[in-house]
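Trainee:
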Amino acid sequence: MITSEMNDISKWQIELEIMNSNSNYNLMSKNKNTINFEDIQSEYEESKKLNTTRLLIKKNKSYIGLVDYCINNSSDNTPWISLFVIHKQYQGAGNSLVAYEHIENLIRQEQKEKLRLAVHKENSRGIDFWSKLGFKKYKEVIFEDKPHLCLEKNF
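According to the working numbering, the stretch in the sequence shown is residues 415 to 569, in order.
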């Protein structure tokens with residue numbers, strides 16, 4: 415069973431383990447294979463500024479991923495997933511899909527009609543995943559000096 419719980423800075427070691435199991439993602443997003451406490455602290459500070467909800471995803475009693483999302487992005491008043499990472503050991507077994515469905519249900523409960531996210535353009539595996547879930551590209555942007563595809567899904 416997939417559930418979620420609020421993620422806060424006191425759980426930084428859990429977040430660090432999940433993130434560092436995904437060295438390819440860290441390389442794409444942070445230009446390094448492993449991140450550290452300072453990187454996570456920076457993410458928390460950014461999250462507060464953007465008013466995002468930070469969740470840890472659990473399967474039974476194990477932490478398997480983390481998701482950051484906002485219900486009303488200040489630039490377009492649309493819900494956005496800003497981070498969606500599943501621990502490497504739990505990938506490939508349907509956990510990513512179930513975790514996404516859990517998040518989508520939380521967002522739907524807020525009476526929202528669409529969801530947006532951005533994917534690193536070089537992240538072909540991520541683009542395939544989101545496309546299979548019904549997300550479509552609506553624009554391309556440069557964010558933090560890297561090309562991203564902006565995707566959206568209407569409910």
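Even glycine gets a Cβ: it sits at the ideal position worked out from N, Cα and C.
Quick one: what does DSSP say ALA532 is sitting in, helix, strand or coil?
Mentor: Correct three-state label for ALA532: strand.
Trainee: Between which two residues does the alpha helix (DSSP H) containing ILE521 stretch?
Mentor: ILE521 -> alpha helix (DSSP H) spans 509-522.
Trainee: Evaluate GLY506 with the Cβ neighbour count: other Cβ atoms within 10 Å of its Cβ, from every protein chain shown; 16 or more gives buried, anything less gives exposed.
Mentor: The residue in question, GLY506, is exposed, as its Cβ has fewer than 16 Cβ neighbours within 10 Å.
Trainee: Mind checking who SER418 pairs with in its DSSP beta bridge?
Mentor: Paired residue(s): ILE471.
Trainee: Among all the DSSP beta bridges, which residues are the ones paired with ASP482?
Mentor: ASP482 is bridged to ARG468 and LEU497.
Trainee: Does DSSP classify ASN569 as helix, strand or coil?
Mentor: Just to set this straight, residue 569 is Phe in the shown sequence, not Asn. Correct three-state label for PHE569: coil.
Trainee: Can you tell me whether THR466 is buried or exposed, with buried defined as 16 or more other CB within 10 angstroms of its CB?
Mentor: THR466 is buried by the Cβ-count criterion.
Trainee: Please look up how many angstroms separate the CB atoms of THR492 and LYS528, rounded, as I've assumed it's under 8 Å.
Mentor: Rounded, the Cβ-Cβ distance is 6 Å, consistent with contact.
Trainee: Expressed to the nearest angstrom, what Euclidean distance is found between the alpha-carbon atoms of LEU531 and TYR439?
Mentor: Approximately 16 Å, taken between the alpha carbons.
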